[in-house]
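K.L.:
Shown below is the structure under consideration.
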Amino acid sequence: MNVDKLSYREIRQGRRFMIRVLPGTRLVDELLQFARVVDLHHAAIVSAVGSVRAVEFSDIQAGARLPITGPRMPVHRIEGPLDLLGLEGNLVPNETGKVDAHLHIFAAKSSGEAVGGHLIDAEVFATCEIILSEYIVEGVERQHSTRGGVDTLFFEDQ
Amino acid sequence: MNVDKLSYREIRQGRRFMIRVLPGTRLVDELLQFARVVDLHHAAIVSAVGSVRAVEFSDIQAGARLPITGPRMPVHRIEGPLDLLGLEGNLVPNETGKVDAHLHIFAAKSSGEAVGGHLIDAEVFATCEIILSEYIVEGVERQHSTRGGVDTLFFEDQ
Amino acid sequence: MNVDKLSYREIRQGRRFMIRVLPGTRLVDELLQFARVVDLHHAAIVSAVGSVRAVEFSDIQAGARLPITGPRMPVHRIEGPLDLLGLEGNLVPNETGKVDAHLHIFAAKSSGEAVGGHLIDAEVFATCEIILSEYIVEGVERQHSTRGGVDTLFFEDQ
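Chains as they are written, first to last, in my numbering: chain A, 1 to 158; chain B, 159 to 316; chain C, 317 to 474.
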């Protein structure tokens, strides 16, 4: 594979969880707490629906260049509640071994218009139903990419 | 696990299905009919793309409080056709054992703008390609949440 | 099953891949190249997050009728960068056996507004993290649907 363009690792399926998060709960905090309790290291969201409020997410300023920096990532805070259309992303440990979430949210306003971005955190409104899939893999960590300016997946040489 | 904030159940992988739904078909009705025919009880949408028309979905009024009630969930009807960006959600039996769909739709208008919400139903326009994943689990039902005002997952004590 | 409305095939799980695509890479081209290198025939995107620029996607003109034709599918090009909220769709071989991608993108502008459509191609901006799931199945191809006017899944008689 052309390592200038793409890196990959084959991963094995671990456990699968069906989760309901209760009203008033901070979603990202609670998912990270869940990962600690069930000793989960690598995982991805298969499905997440429900509703959220006090949603904070960041986007990227039009015209921004690499490496991206904080001031080029405007933060939006929407009081809501919003319909949670989905979450997409993964849980992967960082260099210290602590599990870190990289989640993007997409959600709808009362008008039906969809908004979204890199999820900072959100509070569950009426309910949140999640299917989470664990993956078994060695040597995959989240590290800072100097070129991109963001934290992303790194694959240790095998 | 802090049961005030999150409940969960480990689930086992069942069958996987690749599905094409034909033009003119009511999507939610047909998925529920499919679940009956193949005797499917718990499942989640992994992937759904295509196009839809006569789309009905509901959202949540800004500022709404719990428990949420019908008048706080405005219904949108869009004639379309819309590009179907995805469906996210699950099939789970209700208290009578009948399989019930909780699906959120996200779709794009001609302008590229995305809209979405809790899917009531939609008609397939040109095609709809779905990957559906069955899960094997006991004691998970959709019941009404008095606190949230919506139907959501309940996990029977084990 | 009512073959007028829905066709399906049970599929078996194959390999799973965790992928990082590097800045400046054309996403669809690279995924198809990846499929060739690892000899992957049928697959679906489980999760994709990151950021993209020079995004091209098509939508469907409001009021369009079947069979849909090119002039009824306006193409949007957004310079971005955009936050990549997700990709949804599948890789399936066409009639010549060449793997073909049917992917829909949803992404957010600096303002938080979400846009999307049928992905033509996009360039990875800071990073792109993908979970890809291979499926093992015989007799499923992408062919042109005369009725719909689009290429979609066809299931060979068994």
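Backbone N, C-alpha and C define an ideal beta-carbon position, used for all residues, glycine too.
These numbers come from a predicted model, not from an experiment.
On the CB-based measure, 16 or more other CB atoms within 10 Å of its CB, does Asn410 (chain C) come out buried or exposed?
P.N.:
Position 94 of the third sequence, counting from 1, holds the residue named residue 410 (chain C). Result: exposed.
K.L.:
What residues are listed by DSSP as bridge partners for Ile335 (chain C)?
P.N.:
Residue 335 (chain C) sits at position 19 when you count from the first residue of the third sequence. The partner list for Ile335 (chain C) (beta bridge, DSSP) reads A:Tyr8 and C:Ile446.
K.L.:
Can you tell which of C:Glu404, C:Glu372 and C:Gly465 has the C-alpha that lies nearest to the C-alpha of Ser269 (chain B)?
P.N.:
Mapped onto the second sequence, residue 269 (chain B) falls at position 111. Ranking C:Glu404, C:Glu372 and C:Gly465 by Cα distance to Ser269 (chain B) puts C:Glu372 first.
K.L.:
Applying the criterion that 16 or more other CB atoms from any shown protein chain within 10 Å of the CB defines a buried residue, is His460 (chain C) buried or exposed?
P.N.:
The count along the third sequence starts at 1 and reaches residue 460 (chain C) at position 144. Label assigned to His460 (chain C): exposed.
K.L.:
By the three-class DSSP mapping on this structure, what secondary structure does Pro93 (chain A) have?
P.N.:
Mapped onto the first sequence, residue 93 (chain A) falls at position 93. Looking at Pro93 (chain A) - three-state DSSP - the assignment turns out to be strand.
K.L.:
Do we get a CB-CB distance below 7 Å when we pair Ile60 (chain A) with the residues of chain C?
P.N.:
For this step, residue 60 (chain A) is matched to residue 60 along the first sequence. Chain C, which has a Cβ nearer than 7 Å to the Cβ of Ile60 (chain A), makes this yes.
K.L.:
Please confirm whether Val435 (chain C) has its beta-carbon closer than 7 Å to some beta-carbon of chain B.
P.N.:
On the third sequence, position 119 is the one that residue 435 (chain C) refers to. In the sequence as displayed, the identity of residue 435 (chain C) is Leu instead of Val. Chain B contact via Cβ: absent.
K.L.:
Identify every residue that forms a DSSP beta bridge with Ser58 (chain A).
P.N.:
One-based indexing of the first sequence puts residue 58 (chain A) at position 58. Ser58 (chain A) pairs with A:Val75 and A:His118.
K.L.:
Which same chain residues, not among the five before or five after Phe441 (chain C), have their C-beta less than 6 Å away from its C-beta?
P.N.:
Indexing the third sequence from 1 puts residue 441 (chain C) at position 125. Here the set comprises Ser367, Val368, Arg369 and Pro397.
K.L.:
Would Phe106 (chain A) count as contacting chain C if we go by Cβ distances under 7 Å?
P.N.:
If you number the first sequence from 1, residue 106 (chain A) lands on position 106. Cβ-Cβ to chain C under 7 Å: yes for Phe106 (chain A).
K.L.:
Using 7 Å as the threshold, is the C-beta distance between Ala430 (chain C) and Ala222 (chain B) below it?
P.N.:
Here residue 430 (chain C) is taken as the residue at index 114 of the third sequence, counted from 1. Here residue 222 (chain B) is taken as the residue at index 64 of the second sequence, counted from 1. No. Outside cutoff.
K.L.:
Short check: CB of Glu234 (chain A) to CB of Phe333 (chain C), under 7 Å?
P.N.:
Nothing in the structure corresponds to residue 234 (chain A), since chain A is present only between 1 and 158.
K.L.:
Just tell me which of C:Ser323, C:Gly413 and C:Met389 has its CA closest to the CA of Ile376 (chain C).
P.N.:
As a position in the third sequence, residue 376 (chain C) is number 60, starting the count at 1. Closest option to Ile376 (chain C), Cα to Cα, is C:Met389.
K.L.:
Suppose contacts are defined by Cβ-Cβ distances below 7 Å. Is Ser7 (chain A) in contact with Arg328 (chain C) by that definition?
P.N.:
Position 7 of the first sequence, counted from the first residue, corresponds to residue 7 (chain A). Position 12 of the third sequence, counted from the first residue, corresponds to residue 328 (chain C). Not a contact, by the Cβ cut-off of 7 Å.
K.L.:
Taking only the alpha-carbon atoms, compute the straight-line gap between Arg247 (chain B) and Tyr293 (chain B) and give it to the nearest angstrom.
P.N.:
On the second sequence, residue 247 (chain B) is found 89 positions in, with the first residue counted as 1. On the second sequence, residue 293 (chain B) is found 135 positions in, with the first residue counted as 1. A small fix is needed here, since residue 247 (chain B) is Gly in this sequence, not Arg. One C-alpha to the other measures close to 13 Å.
K.L.:
Can you tell me which of the three DSSP states Arg352 (chain C) falls into?
P.N.:
Taking the first residue of the third sequence as position 1, residue 352 (chain C) is located at position 36. Arg352 (chain C): helix per DSSP, three-state reduction.
K.L.:
Indicate whether Thr227 (chain B) and Gly307 (chain B) have their beta-carbon atoms separated by less than 7 Å.
P.N.:
Numbered from its first residue, the second sequence carries residue 227 (chain B) at position 69. Numbered from its first residue, the second sequence carries residue 307 (chain B) at position 149. Closer than 7 Å, so yes.
K.L.:
Where do the N-terminal and C-terminal ends of the beta strand (DSSP E) with Ile263 (chain B) fall, by residue?
P.N.:
Working through the second sequence from its first residue, we reach residue 263 (chain B) at position 105. Here the beta strand (DSSP E) through Ile263 (chain B) covers Val257 to Ala266.
K.L.:
What did DSSP end up calling Leu224 (chain B) once you bin it into helix, strand or coil?
P.N.:
As a position in the second sequence, residue 224 (chain B) is number 66, starting the count at 1. In the structure shown, Leu224 (chain B) sits in coil (DSSP, three-state: anything other than H, G, I, E or B).
K.L.:
For Leu103 (chain A), which residues from the same chain have a beta carbon less than 6 Å from its beta carbon, with the 5 sequence-adjacent residues on both sides left out?
P.N.:
For the purposes of this step, residue 103 (chain A) is taken as the residue at position 103 of the first sequence. Correct list, in chain order: Leu87, Gly89 and Leu119.
K.L.:
Give the DSSP-derived three-state secondary structure of Glu472 (chain C) in the structure shown.
P.N.:
Position 156 of the third sequence, counted from the first residue, corresponds to residue 472 (chain C). In this structure, Glu472 (chain C) counts as coil in the three-state DSSP scheme.
K.L.:
Whose C-beta lies closer than 6 Å to the C-beta of Leu91 (chain A) among residues of the same chain, with five residues either side of it excluded?
P.N.:
The residue you call residue 91 (chain A) lines up with position 91 of the first sequence. The residues are Ala35, Ala43, Val99 and Ala101.
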